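Asker: Plus 719 on top of the position in the sequence shown (first one is 1) and you've got this note's numbering.
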Amino acid sequence: MTDASVPRTGSGPGSRPRSVLVLGEALVDLVPADGDVGVRAAQPGGAPANVAVGLARLGGRPSFVGGLGDDAFAASVEAWLTGAGVDLSLSARCSLPTALAVADPGDHGNTYRFHLGDTATFELPDRAAEAARFGAVYVGGLAAVVEPAAGVVAATARAAARAGLLAVDPNVREDRTLDPVRSLGRLRELCSLARVVKASDEDLVRLWPDAAPEASCRALAGEGRLVVLTRGAEGATAYVHDAPAVSVPALPVRVVNTIGAGDAFMAGMLTWLGTEADWDPDLSAGQARAMLEYAAATAASVCARAGTEPTAPVGV
720 MTDASVPRTG
730 SGPGSRPRSV
740 LVLGEALVDL
750 VPADGDVGVR
760 AAQPGGAPAN
770 VAVGLARLGG
780 RPSFVGGLGD
790 DAFAASVEAW
800 LTGAGVDLSL
810 SARCSLPTAL
820 AVADPGDHGN
830 TYRFHLGDTA
840 TFELPDRAAE
850 AARFGAVYVG
860 GLAAVVEPAA
870 GVVAATARAA
880 ARAGLLAVDP
890 NVREDRTLDP
900 VRSLGRLREL
910 CSLARVVKAS
920 DEDLVRLWPD
930 AAPEASCRAL
940 AGEGRLVVLT
950 RGAEGATAYV
960 HDAPAVSVPA
970 LPVRVVNTIG
980 AGDAFMAGML
990 TWLGTEADWD
1000 PDLSAGQARA
1010 MLEYAAATAA
1020 SVCARAGTEP
1030 TAPVGV
């Protein structure tokens, strides 16, 4: 077993990638096959798993804590993760099937219907004691709100907040199987614990419906966090304490796919923070702009082709 706490040299915006513990779901997305909405293709996914693969593709060595089943879908998910270079030694396996997410891409983003109950995907092992070994800990996605995983995610997030850098992408999902009041409460707690929050404008409207997304970002940043607001094709904005906000546009690309673009953006952010800022989220305006540009280029690499795996930006 490799010691995941040891940094190594690799590709990325700097020369000192450091490891990230990624906690959450690895599931299977059923997406339209070759643009045919009547046919679905199985594609490994899940927001945290996408982030882990993105970190690995950008030169890092992430460790993933998730639940893996014993069906054919689980085998494909495991092959995808390990093939990218993600360490699975902290994950768990059990004799349950893999959760499914049925994706319906549309003009205004992607909607999902989920099949989550009685699956291995949310049988997360308790690895809270491992949090201090890593440069950063990432949580978010469905595992943050679906039991029994949600309790494990919360405990690990609290440990990470005490030990180092906790990064959260609330990635709010709505589904008939999810309790919206309890789910939003859990996600708000995670944001309150985090030093780094990346959220879309839609996430923030759902979490704090009585405030504009920019106001929610200001409130979170005013408590010492680095907060990044993403708006898809409209670009992204970083908020650091009381400093002026820093914005960058989205890179112009011929959009082929948007599934996983936000996760790629998060992987780009974390890669930049680890290699260029040594996990210090108190950035200058110039640093915030450089981080956003790197993350935007990472997201664009996903939008420009099929699949959810990013490529490292060149010349950013």
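The beta-carbon is built from N, C-alpha and C at its ideal position, and this holds for glycine as well.
Note that the structure is predicted; figures quoted are calculated from it, not measured.
Which partner residues of Phe-783 appear in the DSSP bridge assignment?
Answerer: Phe-783 has Val-741 as its beta-bridge partners, per DSSP.
Asker: Ignoring anything shorter than 4 residues or poking outside the stretch 892–936, list the alpha helix (DSSP H) runs there in chain order.
Answerer: 899–912, 920–926
Asker: By DSSP, does Arg-832 sit in helix, in strand, or in coil?
Answerer: strand
Asker: Assuming Ala-686 and Leu-885 make a contact with CB atoms under 8 Å, what is their CB distance in whole Å?
Answerer: With the chain represented from 720 up to 1035, any question about residue 686 goes unanswered, as that position is not in the structure.
Asker: Going along the chain, which unbroken runs of the alpha helix (DSSP H) with 4 or more residues stay wholly within the stretch 944–976?
Answerer: none
Asker: Measure from the alpha carbon of Pro-767 to the alpha carbon of each residue in Val-758, Leu-800, Val-1021, Pro-751, then state which is nearest.
Answerer: Leu-800
Asker: Pick helix, strand or coil for Asp-837, following the three-state DSSP scheme.
Answerer: Three-state result, Asp-837: coil.
Asker: Helix, strand or coil: which one does DSSP assign to Val-865?
Answerer: Looking at Val-865 - three-state DSSP - the assignment turns out to be coil, as it is neither helix nor strand.
Asker: Under 7 Å Cβ to Cβ from Val-750, same chain only, skipping five residues before and after it: list those, please.
Answerer: Arg-759, Ala-760, Gln-762, Ala-822, Ile-978
Asker: Would you call the stretch 809–816 in contact with the stretch 833–843, where contact means no fewer than 3 C-beta pairs closer than 8 Å?
Answerer: Counting C-beta pairs with one atom in each stretch, the stretch 809–816 and the stretch 833–843 have three or more that are closer than 8 Å, which means they touch.
Asker: Below 8 Å on the Cβ atoms is my contact criterion, and I expect Thr-1027 with Leu-777 to pass it. Report the Cβ-Cβ distance as a whole number of Å.
Answerer: Contact between Thr-1027 and Leu-777 fails: their C-beta atoms lie close to 13 Å from each other, not under 8 Å.
Asker: Whose CA, out of Pro-963, Glu-921, Pro-928, lies closest to the CA of Gly-951?
Answerer: The candidate whose alpha carbon is nearest that of Gly-951 is Glu-921.
Asker: Are the beta-carbon atoms of Tyr-1013 and Pro-1029 separated by less than 8 Å?
Answerer: no
Asker: Helix, strand or coil, according to DSSP, for Ser-730 in the structure here?
Answerer: Low confidence applies to Ser-730: its pLDDT is 41, below 50, so where it sits in the model is not reliable enough to give any reading.
Asker: If distances are taken between C-alpha atoms only, which option among Ala-1016, Leu-992, Ala-1018 comes closest to Gly-1036?
Answerer: The shown model of the chain, from 720 to 1035, leaves out residue 1036, and the question about it has no answer.
Asker: What are the partner residues of Pro-751, as DSSP defines its beta bridges?
Answerer: For Pro-751, the beta-bridge partners assigned by DSSP are Arg-759.
Asker: State the DSSP-derived secondary structure class of Val-821, mapped to helix, strand or coil.
Answerer: strand
Asker: Could you check the C-alpha separation between Ser-738 and Glu-953 for me, to the nearest Å?
Answerer: Approximately 31 Å, taken between the alpha carbons.
Asker: Compute the Euclidean distance between the alpha carbons of Val-891 and Pro-899, then round it to the nearest angstrom.
Answerer: 10 Å
Asker: Going by the beta-carbon positions, is the gap between Val-947 and Leu-1002 smaller than 8 Å?
Answerer: no
Asker: Which residue or residues does DSSP assign as beta-bridge partners of Leu-885?
Answerer: Val-856
Asker: Looking at C-alpha atoms only, which residue of Val-770, Ala-868, Ala-962 is the closest neighbour of Gln-1006?
Answerer: Of the listed residues, the one whose Cα sits closest to Gln-1006 is Ala-962.
Asker: Classify Ala-934: buried if its beta carbon has 16 or more other beta carbons within 10 angstroms, exposed otherwise.
Answerer: Ala-934 should be labelled exposed.
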